[in-house]
Amino acid sequence: METVPRMDFELNRRCAGTFTTMVGNGMGRLLLTLSLGAAASAGCGSKTETTVGQIMSTDADFSVCSGTPAVRYAPGISVLSASGAYRVAIEAASTDQGATAPVPTAAIGYDTFTVAVTSVADGGAGSDAGAPPPGGLTMGTPPIGGTGEPADPYMPQHGHGASTIPTVTAQGGGAFSVAAIDFFMGGYWELYLELTPPGGAVDPLTFKICIPDD
Numbered sequence: 016m017e018t019v020p021r022m023d024f025e026l027n028r029r030c031a032g033t034f035t036t037m038v039g040n041g042m043g044r045l046l047l048t049l050s051l052g053a054a055a056s057a058g059c060g061s062k063t064e065t066t067v068g069q070i071m072s073t074d075a076d077f078s079v080c081s082g083t084p085a086v087r088y089a090p091g092i093s094v095l096s097a098s099g100a101y102r103v104a105i106e107a108a109s110t111d112q113g114a115t116a117p118v119p120t121a122a123i124g125y126d127t128f129t130v131a132v133t134s135v136a137d138g139g140a141g142s143d144a145g146a147p148p149p150g151g152l153t154m155g156t157p158p159i160g161g162t163g164e165p166a167d168p169y170m171p172q173h174g175h176g177a178s179t180i181p182t183v184t185a186q187g188g189g190a191f192s193v194a195a196i197d198f199f200m201g202g203y204w205e206l207y208l209e210l211t212p213p214g215g216a217v218d219p220l221t222f223k224i225c226i227p228d229d
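With the numbering used here applied, the sequence shown has no gaps in its numbers, which climb one by one up to 229 at the end.
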């Protein structure tokens, strides 16, 4: 099985205070939040403050992704798989922020993406509108380096990952649900997935997405 081609995937890639396993209760989530607050004061935060005249302003929204390759979520944003054989689009997003009804976009919280896969005969050159993927195509999260541990979402600028591994569920017709994506802070995130056609080679892909700061 192929692995994610990124040299900095290490087991110690998370900031001090983040968990490597799923946090299963409210107290654990509180501890994670407190730990992340401490990490932010040590340089893992996503906001910066600047003084303009006598007015103190705080970076917010999508400014946390300035200078990165991250793109803003919009229904239909897509990437090609590494081989160029498949185009994968995020058709819908929903975020569970705990206290209120889910937010119908990609945001800080536990996100769920509905993604659609199409086959691309021209390698993504644009002339091929896409065709249904082969029957039996599967989607999952790739292993990290030589560890075999599934890849969690990762923040390249901060050098840490999320506290949970996304769960992928096939919905039929080339559609998949990618749930439990723990975007716990705003910024540039990478979401790693892989496709495997029946009898074929693993084909990885990466979404580089901006989660706006609250």
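Ideal placement from N, C-alpha and C gives every residue a C-beta, glycine not left out. In this text, all values refer to a predicted model and were calculated from it rather than measured experimentally.
Residue i CB to nearest heavy atom of the ligand FAD below 7 Å
| i | result |
| --- | --- |
| P165 | The ligand FAD is not among the ligands present in this structure, which contains no ligands whatsoever. |
Counterpart residues of residue i in DSSP-defined beta bridges
| i | result |
| --- | --- |
| T129 | A107, S192 |
| Y88 | Partner(s): none; Y88 has no beta bridge. |
| H175 | M170 |
| S134 | Y101, A146 |
| S247 | Because the chain spans 16 through 229 in this model, residue 247 falls outside it and cannot be assessed. |
| G124 | F198 |
| P165 | P158 |
Spatial distance of residue i from residue j (CA atoms)
| i | j | result |
| --- | --- | --- |
| I226 | C80 | 8 Å |
| V96 | A122 | At residue 96 the sequence reads Ser, which differs from the Val that was named. In a straight line, the C-alpha of S96 is about 24 Å away from that of A122. |
| V103 | S78 | 26 Å |
| A166 | T221 | 11 Å |
| P117 | V132 | 24 Å |
| T211 | D218 | 6 Å |
| T179 | F128 | 15 Å |
| S202 | M170 | Here residue 202 is Gly; the residue named in the question, Ser, does not match the sequence. Approximately 8 Å between the Cα atoms of the pair. |
| V86 | A108 | 14 Å |
| V193 | D111 | 13 Å |
| P20 | K223 | Low confidence applies here, because P20 scores a pLDDT of 44, under 50, leaving its location unreliable; read the following figure in that light. Distance between the alpha carbons of P20 and K223: 15 Å. |
| A136 | G124 | 36 Å |
| G113 | T184 | 22 Å |
| E209 | Q186 | 16 Å |
| A100 | G161 | 25 Å |
| T115 | T156 | 29 Å |
| F198 | P168 | 8 Å |
| F191 | V94 | 15 Å |
| E205 | E106 | 17 Å |
| D76 | D126 | 17 Å |
| S72 | P84 | With a pLDDT of only 33 at S72, under 50, the local geometry of the prediction cannot be trusted, and the value read off the model is given with reservation. Whole-angstrom Cα-Cα distance: 24 Å. |
| E255 | G82 | Outside the displayed range of the chain (16 to 229) lies residue 255, so it cannot be described from this structure. |
Residue interval of the beta strand (DSSP E) (run including residue i)
| i | result |
| --- | --- |
| T211 | 202–211 |
| A185 | 182–187 |
| F222 | 218–226 |
| T153 | 153–155 |
Residue of the options minimising C-alpha distance to residue i
| i | options | result |
| --- | --- | --- |
| A195 | G201, P181, T120, Y207 | P181 |
| T153 | T115, I159, P213, F199 | P213 |
| T120 | G160, I159, G91 | G91 |
| S98 | G215, D229, E205 | G215 |
| G188 | D126, G160, S134, A100 | S134 |
| M200 | D228, V94, S93 | D228 |
| P158 | A190, Y207, A89 | Y207 |
| V130 | G163, A89, E164 | A89 |
Proximity test, Cβ basis, 8 Å: residue i and chain C
| i | result |
| --- | --- |
| A89 | Here chain C cannot be found, since the structure has a single protein chain. |
Would you check if the stretch 173–184 and the stretch 144–152 touch, i.e. whether three or more CB-CB distances between them fall below 8 Å? no
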